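Quick mapping for you: the protein sequence lines, in order, are chains A and B.
Note that the first sequence covers residues 6 to 470 in our numbering.
Note that the second sequence covers residues 6 to 470 in our numbering.
Protein chains: 2
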Amino acid sequence: MRIALLLAFLWASTPFYSQTGDEKQIKALYDTALSQGKAYDWLNHLSNQIGGRLSGSVQAQQAVEYTKGQLETLGLDRVWLQEVMVPKWVRGTSEFAYFETKPGFTTNLDIAALGGSVPTPLGGLKAGIVEVQGLEELETLGREKLEGKIVFFNRPMDPTAINAFEAYSGAVDQRYSGAQEAARYGALGVIVRSLNLRLDDFPHTGSMSYGDAPASQRIPAAAISTKGAELLSTSLRLDPNIKFHFRQNCRQFDDVMSHNVIGEIKGSTHPEEIVLVGAHLDSWDLGDGSHDDGAGVVQAMEVLRLFKLTGHRPKRTLRVVLFMNEENGLRGGLQYAKVAKAQNETHLFALESDAGGFTPRGFSIDGSNENLEHIRSWKSLFEPYLVHVFEKGGGGADIAPLKDGPIVLAGLVPDSQRYFEHHHSENDTFAHINKRELELGAAAMASLIYLVDTHGTLPAKGSRR
Amino acid sequence: MRIALLLAFLWASTPFYSQTGDEKQIKALYDTALSQGKAYDWLNHLSNQIGGRLSGSVQAQQAVEYTKGQLETLGLDRVWLQEVMVPKWVRGTSEFAYFETKPGFTTNLDIAALGGSVPTPLGGLKAGIVEVQGLEELETLGREKLEGKIVFFNRPMDPTAINAFEAYSGAVDQRYSGAQEAARYGALGVIVRSLNLRLDDFPHTGSMSYGDAPASQRIPAAAISTKGAELLSTSLRLDPNIKFHFRQNCRQFDDVMSHNVIGEIKGSTHPEEIVLVGAHLDSWDLGDGSHDDGAGVVQAMEVLRLFKLTGHRPKRTLRVVLFMNEENGLRGGLQYAKVAKAQNETHLFALESDAGGFTPRGFSIDGSNENLEHIRSWKSLFEPYLVHVFEKGGGGADIAPLKDGPIVLAGLVPDSQRYFEHHHSENDTFAHINKRELELGAAAMASLIYLVDTHGTLPAKGSRR
Numbered sequence: 006m007r008i009a010l011l012l013a014f015l016w017a018s019t020p021f022y023s024q025t026g027d028e029k030q031i032k033a034l035y036d037t038a039l040s041q042g043k044a045y046d047w048l049n050h051l052s053n054q055i056g057g058r059l060s061g062s063v064q065a066q067q068a069v070e071y072t073k074g075q076l077e078t079l080g081l082d083r084v085w086l087q088e089v090m091v092p093k094w095v096r097g098t099s100e101f102a103y104f105e106t107k108p109g110f111t112t113n114l115d116i117a118a119l120g121g122s123v124p125t126p127l128g129g130l131k132a133g134i135v136e137v138q139g140l141e142e143l144e145t146l147g148r149e150k151l152e153g154k155i156v157f158f159n160r161p162m163d164p165t166a167i168n169a170f171e172a173y174s175g176a177v178d179q180r181y182s183g184a185q186e187a188a189r190y191g192a193l194g195v196i197v198r199s200l201n202l203r204l205d206d207f208p209h210t211g212s213m214s215y216g217d218a219p220a221s222q223r224i225p226a227a228a229i230s231t232k233g234a235e236l237l238s239t240s241l242r243l244d245p246n247i248k249f250h251f252r253q254n255c256r257q258f259d260d261v262m263s264h265n266v267i268g269e270i271k272g273s274t275h276p277e278e279i280v281l282v283g284a285h286l287d288s289w290d291l292g293d294g295s296h297d298d299g300a301g302v303v304q305a306m307e308v309l310r311l312f313k314l315t316g317h318r319p320k321r322t323l324r325v326v327l328f329m330n331e332e333n334g335l336r337g338g339l340q341y342a343k344v345a346k347a348q349n350e351t352h353l354f355a356l357e358s359d360a361g362g363f364t365p366r367g368f369s370i371d372g373s374n375e376n377l378e379h380i381r382s383w384k385s386l387f388e389p390y391l392v393h394v395f396e397k398g399g400g401g402a403d404i405a406p407l408k409d410g411p412i413v414l415a416g417l418v419p420d421s422q423r424y425f426e427h428h429h430s431e432n433d434t435f436a437h438i439n440k441r442e443l444e445l446g447a448a449a450m451a452s453l454i455y456l457v458d459t460h461g462t463l464p465a466k467g468s469r470r
Numbered sequence: 006m007r008i009a010l011l012l013a014f015l016w017a018s019t020p021f022y023s024q025t026g027d028e029k030q031i032k033a034l035y036d037t038a039l040s041q042g043k044a045y046d047w048l049n050h051l052s053n054q055i056g057g058r059l060s061g062s063v064q065a066q067q068a069v070e071y072t073k074g075q076l077e078t079l080g081l082d083r084v085w086l087q088e089v090m091v092p093k094w095v096r097g098t099s100e101f102a103y104f105e106t107k108p109g110f111t112t113n114l115d116i117a118a119l120g121g122s123v124p125t126p127l128g129g130l131k132a133g134i135v136e137v138q139g140l141e142e143l144e145t146l147g148r149e150k151l152e153g154k155i156v157f158f159n160r161p162m163d164p165t166a167i168n169a170f171e172a173y174s175g176a177v178d179q180r181y182s183g184a185q186e187a188a189r190y191g192a193l194g195v196i197v198r199s200l201n202l203r204l205d206d207f208p209h210t211g212s213m214s215y216g217d218a219p220a221s222q223r224i225p226a227a228a229i230s231t232k233g234a235e236l237l238s239t240s241l242r243l244d245p246n247i248k249f250h251f252r253q254n255c256r257q258f259d260d261v262m263s264h265n266v267i268g269e270i271k272g273s274t275h276p277e278e279i280v281l282v283g284a285h286l287d288s289w290d291l292g293d294g295s296h297d298d299g300a301g302v303v304q305a306m307e308v309l310r311l312f313k314l315t316g317h318r319p320k321r322t323l324r325v326v327l328f329m330n331e332e333n334g335l336r337g338g339l340q341y342a343k344v345a346k347a348q349n350e351t352h353l354f355a356l357e358s359d360a361g362g363f364t365p366r367g368f369s370i371d372g373s374n375e376n377l378e379h380i381r382s383w384k385s386l387f388e389p390y391l392v393h394v395f396e397k398g399g400g401g402a403d404i405a406p407l408k409d410g411p412i413v414l415a416g417l418v419p420d421s422q423r424y425f426e427h428h429h430s431e432n433d434t435f436a437h438i439n440k441r442e443l444e445l446g447a448a449a450m451a452s453l454i455y456l457v458d459t460h461g462t463l464p465a466k467g468s469r470r
């Protein structure tokens, strides 16, 4: 009697998919990724043989050629390049900065120009420096206190945020808009505390914007290491009159031709429906871009390789896209979406990995509530692999332009605690990649892609798909 | 109507504890750990000022004094030392090993004596070497193939295990029993592949046993780095007749006096009920013991500090115990349990952290099914902190001797992927500790201790507690 009841209960709670088949294929994907993985070798090449891959650089072009060549070894149905014009910003010679308490008494600081910044004058920029805790404080101080000064944005990331990306979101406005806003009050330049939860010596670059300010109102902007920011802040408290001097000779060139790298396995029964897995091939120039986003690139490639190695032919067309220029323009993502629309392609699902190569914790899902619940119904399949998080959230910058009615976007959510020690800095290197963590991420992605391919997504309400 | 229904549903599903109060206190514990944490500073001292703390060493004694002194600054109700006799094994001068393909043609290899091993003869041990994949293979080969030889245990950890501790369990028999078993077939010594999922140059030591074999039948045992194991294995395939030479002059001394370090906050309403949080103060000698188990030590200390800083007085007596000699004897854990029993103390709950200072993923619980469910009913309180795992499993070696009827044992479960790169090797150093991950572990432990203290555990069936 009790057994009959239990069986009835189990029957009622059995999801509509074939549990055994799904469990088996997911196990095969994980086993293959962990025992015959290729992602780590690929990343070793990208990081140590090519290095930082800033858009428009020789290295970015080498990465296009290398990944295309590697995809061509996988026996996919098609591999091709998609042309896209990208910005070309170049750092130039290493920046320097120091502050001076009295003439001749100087202390050096570690800085790096923010991506897209204008240079300082040839001899550098030297001026008084005013510390603020954020954009709002500019108005309080006003032109009177800021004109002719360098503004030092020093609000740290909130250490009490559990997800480090939340802490990042709460501080990144200083980097992105600091120069544009400070220029409105007559500031001559800005120095921004690096977006790093740890105290260390690495400046972290990243994108910034001048909005529509004319060239004459664009002031140079640099990141300072967190330790440098602490030193500068303490020194300013002792002597508010210290002078700050920094020099950078970065430069914006004309746009150049580059490429998204694309490969696909044609679907066996629904070849017209595309399931996309992607990451961005470009990186910043300071490190070798292992976590951001070399890890995502090799994981996305590995997803298709795992399908081939496990002999699983997808029902839908499975496409890997390695996007160019996420960091300072998003041109690759925009171009891909534009071409997809022009060709009237149907994208069912797109998954991006762009949050580091750390232990995968889950996925963030950007789609209808019905599809969120649909994907959550697979949660128990992921539990043996310690993947627990299925939260509503963004998919990723490169795939965001694909968003329209029916598509579901998703992003891999790795453990975030160490990410901002590396992000956009010289400290983003292959030495900080753990092979197993990288492979577990690829396997989690392949498993989700497998489930979406096998069981589909739910059509948007009122849609005829 | 629908709102009324929703409210009724929420009411029905509200657990018996005061959700708001619990949520608030847990948030306070996390915020304090992440913004005013002391664990990282303590660990810096333990690791970089003291270093490896093998039982019976000067450093182990320094660690006793340092942690006692630090506990005394926290305003606890009582801090004391508990005497315990511990074994004293000393590595001696650095080991060496090489293999010889023909006289004079040698290749060096990285080895380290296993903890408790006897030395080789003074000039070292030189003999032919036979590779096996595990203890079972000894019988197949028999005395004929093994007598007068060195046995090389080379079964790797299983890379497809998702939890690295599972992979460890599947291979550790070679290290623990390899020498004892091989000696029965007349082998002269054993070399064991390090328990490391990564290929690198670090030999990983660890405990081993000769069982009740008399001194004359104890053969020397050493770990070889995973890269060394691969090299040796390949070389043996090319030439099965190569000679292996290794020397180690480790030595077992008489037992010496050492201490468990204990501190407590008296319970306000149930002072006779003890809630214990612990870790082990000793470590192996090769690294500085930051992950194993310096991290656990400072996290356990931090739990009491967080209670003091947030002004939360526990209802039960909250006791921190830093156990001596987990690694090669468990004498501290045994002694603590013996004294607790003799004094008729009631231990309600004991939580150990001894799996590294990585991002906490959850807890393993060793108690009745009712208590497992009781603790799982708090799961939603941990979800905002990305702590998801509440699994049945062991608590920890040091607290295991406390096990009797009513007590619930628990262990912190951190992310396991990187742990065995460090475990018992020169690579277990402070540089591999992430401050936030360490602090998140302390906060998770404090939160569980808070919930147990506030809501109690369930009495064993038929018990009168």
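Where is the CB? At the ideal position from N, CA and C, for every residue including glycine.
These figures come from a predicted structure and were not determined experimentally.
Residue-level contact by beta carbon fails for Tyr424 (chain A) and chain B, as no gap is shorter than 7 Å. Contact of His428 (chain A) with chain B by beta-carbon distance below 8 Å is absent, the smallest such distance being about 14 Å. Between the C-alpha atoms of Thr72 (chain B) and Phe170 (chain A) there is a straight-line separation of about 35 Å.
Between Ser40 (chain A) and chain B, the shortest Cβ-Cβ separation is below 7 Å.
Counting along the chain, no beta strand (DSSP E) covers Ile454 (chain B); the unbroken alpha helix (DSSP H) around it starts and ends at Lys440 to His460. Proximity of the segment 209-219 of chain A to the segment 236-252 of chain A falls short of the contact definition, fewer than three beta-carbon pairs being nearer than 8 Å.
Residues of chain B whose Cβ lies closer than 9 Å to the Cβ of Leu353 (chain A) do not exist; the shortest such Cβ separation is about 29 Å. Those residues of the segment 373-407 of chain A placed with their C-beta closer than 8 Å to a C-beta in chain B are Pro389, Tyr390, Leu391, His393 and Val394, ordered along the chain.
Note on the segment 274-330 of chain A: whole alpha helix (DSSP H) runs with a minimum of 4 residues are 300-314, in chain order.
Close to Leu193 (chain B), with beta-carbon spacing below 7 Å, lies no residue of chain A; the smallest spacing is near 34 Å. Scanning chain B for C-beta atoms nearer than 8 Å to the C-beta of Thr125 (chain A) yields nothing, as the closest lies near 34 Å away.
Here the alpha carbon of Thr125 (chain A) sits roughly 8 Å from the alpha carbon of Ile224 (chain A). Taking a C-beta distance under 7 Å as the contact criterion, Val135 (chain A) and Val156 (chain A) qualify as a contact pair. In this structure, Glu332 (chain B) lies near Asp287 (chain B), with their beta-carbon atoms less than 7 Å apart.
Between the segment 200-212 of chain B and the segment 406-419 of chain B there are fewer than three inter-stretch CB-CB distances shorter than 8 Å, so the stretches are not counted as touching. Under the Cβ criterion of 7 Å, Thr459 (chain B) is not counted among the residues facing chain A. Taking a contact to require three or more Cβ pairs closer than 8 Å, the segment 104-115 of chain B and the segment 235-246 of chain B qualify as touching. Counted as a single uninterrupted DSSP element, the alpha helix (DSSP H) harbouring Ser182 (chain A) occupies residues Val177 to Ala188. The continuous alpha helix (DSSP H) containing Arg242 (chain A) extends over residues Thr231 to Leu243. Between the segment 80-92 of chain A and the segment 255-270 of chain A, the count of C-beta pairs closer than 8 Å reaches three or more; the two stretches touch.
Gly398 (chain A) is positioned such that its CB atom lies closer than 7 Å to that of Ser369 (chain A). Spanning the alpha carbons of Pro161 (chain A) and Ala176 (chain A) requires a straight line of approximately 7 Å.
Excluding the 5 residues flanking it on each side, Glu431 (chain B) has same chain C-beta neighbours closer than 6 Å at Phe207, Leu291 and Gly292, in chain order.
Interface flag for Pro419 (chain A) against chain B is unset, since no Cβ pair is found closer than 7 Å. Residues of chain B with a Cβ closer than 7 Å to the Cβ of Ile31 (chain A) do not exist, since the nearest Cβ in that chain sits about 11 Å away. Contact annotation for Ile167 (chain A) against chain B: Tyr35, Pro389, Tyr390, Leu391 and Leu445 [CB-CB distance below 8 Å, chain order]. Only those residues of the segment 138-169 of chain B whose C-beta falls short of 8 Å from the nearest C-beta of chain A are listed: Pro164, Thr165, Ile167, Asn168 and Ala169. Under the criterion of beta carbons closer than 8 Å, Leu353 (chain B) and Ile412 (chain B) qualify as touching, at roughly 7 Å. For the C-beta of Asn49 (chain A), not a single chain B residue is nearer than 7 Å; the gap to the nearest is close to 13 Å. Asn53 (chain B) carries a helical assignment under DSSP once its states are collapsed to helix, strand and coil.
In the DSSP assignment, Leu86 (chain A) falls within the beta strand (DSSP E) that extends over Arg83 to Val95.
Glu141 (chain A) sits in a helix when the DSSP states are folded into three classes. Interface residue (Cβ-Cβ distance to chain B less than 7 Å): Thr111 (chain A) is not classified as such. Within chain B, the residues placing a beta-carbon under 7 Å from that of Leu202 (chain A) are Arg441, ordered along the chain. Residue pairing by DSSP places Phe435 (chain B) in no beta bridge whatsoever.
Among the CB atoms of chain B, none fall inside 7 Å of the CB of Thr25 (chain A).
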